[in-house]
Amino acid sequence: EAGVAQSPRYKIIEKRQSVAFWCNPISGHATLYWYQQILGQGPKLLIQFQNNGVVDDSQLPKDRFSAERLKGVDSTLKIQPAKLEDSAVYLCASSGRITSYEQYFGPGTRLTVT
Amino acid sequence: TQLLKQSPQFLSIQEGENLTVYCNSSSVFSSLQWYRQEPGEGPVLLVTVVTGGEVKKLKRLTFQFGDARKDSSLHITAAQPGDTGLYLCAGLIDSSYKLIFGSGTRLLVRP
C-alpha cells in the first residue's frame, strides 16, 4: 500500500513570495490533515478535511494560508505572502475514518523563508 | 488550551542503558498516542493507549497511560542506536478527533 505522498520535499523562498504544497493521501482515506512543525516543536494542526469539506481550520492563519481538497482526494496548501516565521516542516496526514485513532503521515515539505 | 509537556527535551545515552520519557497534561484525554519521527520523515505511530492504567509493550518499549488519563510514560530497555529519534506523545480530543502533540523528546543512543 502506497503511503502519503508530498511534494516538493524542500522549498526555499524569500519573504513575501507565495508557495504551494501538494499532498496525495493513502487511497481511500477520507480524512486529511495538514500540520505545521516548527523546529524543536511537535506538529500543530492547521486544517482537517473530511472528504472535500473542512472539519477544523481554527488554527489556520487565514489571512495568508489557504487549503483546498476539491475532489476529496489530493490537497494543496498555499501560503501567500510568506513570512520568516513560516519556516517549518509542513506535514500531511490521512486516516481511514474520522473516528480512526491512527493517522499516517507523509515525509513533509521543509520550507525555508529568507 | 490543552497542552502536553514532554520531559526531558533531550536525552543522550549509551547503548544498553534504560530510559524513561514522560508526557504530562492537566487535561484528560480519551486516548494517547506515541510516535517516533526520524530526520526527514513524518511521525510513525508506535502505540495507542486508551484505558487509564493501561500498559502496552512493543519489544523493548513499554508504554503506560496514567490512571487519570492525564499522563503517560515511555520506557525503553537496553536502548540501541536504532532507537535514536524524536519521540512525540499526542492526546486525542474525542469531540473533534483532533490530535494535540507534545513538544517531543529527542533521543540519541550512542554506540
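The listed protein sequences derive, respectively, from chains A and B. Sequential numbering of the first sequence, starting at 1, is according to the numbering used here. Sequential numbering of the second sequence, starting at 1001, is according to the numbering used here. Heads up, the beta-carbon is just placed ideally off N, CA and C, and yes, glycines get one too. All figures in this text were calculated on a predicted structure; none of them were measured in a lab.
Listed in chain order, which residues of the region 1034-1056 of chain B have Cβ atoms closer than 9 Å to some Cβ of chain A? Tyr1035, Gln1037, Gly1040, Glu1041, Gly1042, Pro1043, Val1044, Leu1045, Thr1048 and Val1050
Pro43(A) at chain B interface by Cβ criterion, 8 Å: Here residue 43(A) is taken as the residue at index 43 of the first sequence, counted from 1. Interface residue, yes.
For Trp22(A), I'd like the list of residues in its chain whose CB is within less than 6 Å of its CB, leaving aside the five on either flank, ordered along the chain. The residue labelled residue 22(A) in the question sits at position 22 within the first sequence. Hits under 6 Å: Ser7 and Thr76.
Would you list, in chain order, the members of the region 1083-1105 of chain B that have their beta-carbon closer than 9 Å to a beta-carbon of chain A? Of all residues in the region 1083-1105 of chain B, Leu1086, Leu1088, Cys1089, Ala1090, Leu1092, Ser1096, Tyr1097, Lys1098, Leu1099, Ile1100, Phe1101, Gly1102, Ser1103 and Gly1104 have a Cβ within less than 9 Å of some Cβ in chain A.
The beta strand (DSSP E) enclosing Ser66(A), as first and last residue numbers: Counting from 1 along the first sequence, the entry for residue 66(A) is found at position 66. Phe65 to Glu68 is the span of the beta strand (DSSP E), which, as asked, contains Ser66(A).
Taking Cβ to Cβ, would you say Leu1003(B) is nearer than 8 Å to Ser1025(B)? To locate residue 1003(B), count along the second sequence from 1; it is residue 3. To locate residue 1025(B), count along the second sequence from 1; it is residue 25. Annotated as proximal: Leu1003(B) and Ser1025(B), with beta-carbon spacing under 8 Å.
Along chain B, which residues have their Cβ under 8 Å away from the Cβ of Gly96(A)? Against the first sequence, residue 96(A) aligns to sequence position 96. Correct list: empty, because the minimum Cβ distance to chain B is about 12 Å.
Check the DSSP bridge columns for Lys1057(B) and list the partner residues they point to. Residue 1057(B) sits at position 57 when you count from the first residue of the second sequence. Answer is Thr1062(B).
Chain B contacts made by the region 45-56 of chain A, where a contact means CB separation under 9 Å: Leu45, Gln48, Val55 and Asp56
Short of 6 Å in beta carbon distance, which residues of its chain neighbour Arg1106(B), apart from the five on each side in sequence? Order them along the chain. Residue 1106(B) sits at position 106 when you count from the first residue of the second sequence. Excluding positions up to five away in sequence, the list reads Phe1010 and Leu1086.
Since I believe Val1055(B) is in contact with Trp1034(B) (beta carbons under 8 Å), could you give me their beta-carbon distance rounded to a whole number of angstroms? Taking the second sequence and counting its residues from 1, the one referred to as residue 1034(B) is at position 34. Taking the second sequence and counting its residues from 1, the one referred to as residue 1055(B) is at position 55. Wrong, their Cβ atoms sit about 13 Å apart, outside the cutoff.
When DSSP builds the beta bridges, which residues end up paired with Leu1046(B)? For the purposes of this step, residue 1046(B) is taken as residue 46 along the second sequence, with counting starting at 1. Answer is none; Leu1046(B) lacks a bridge partner.
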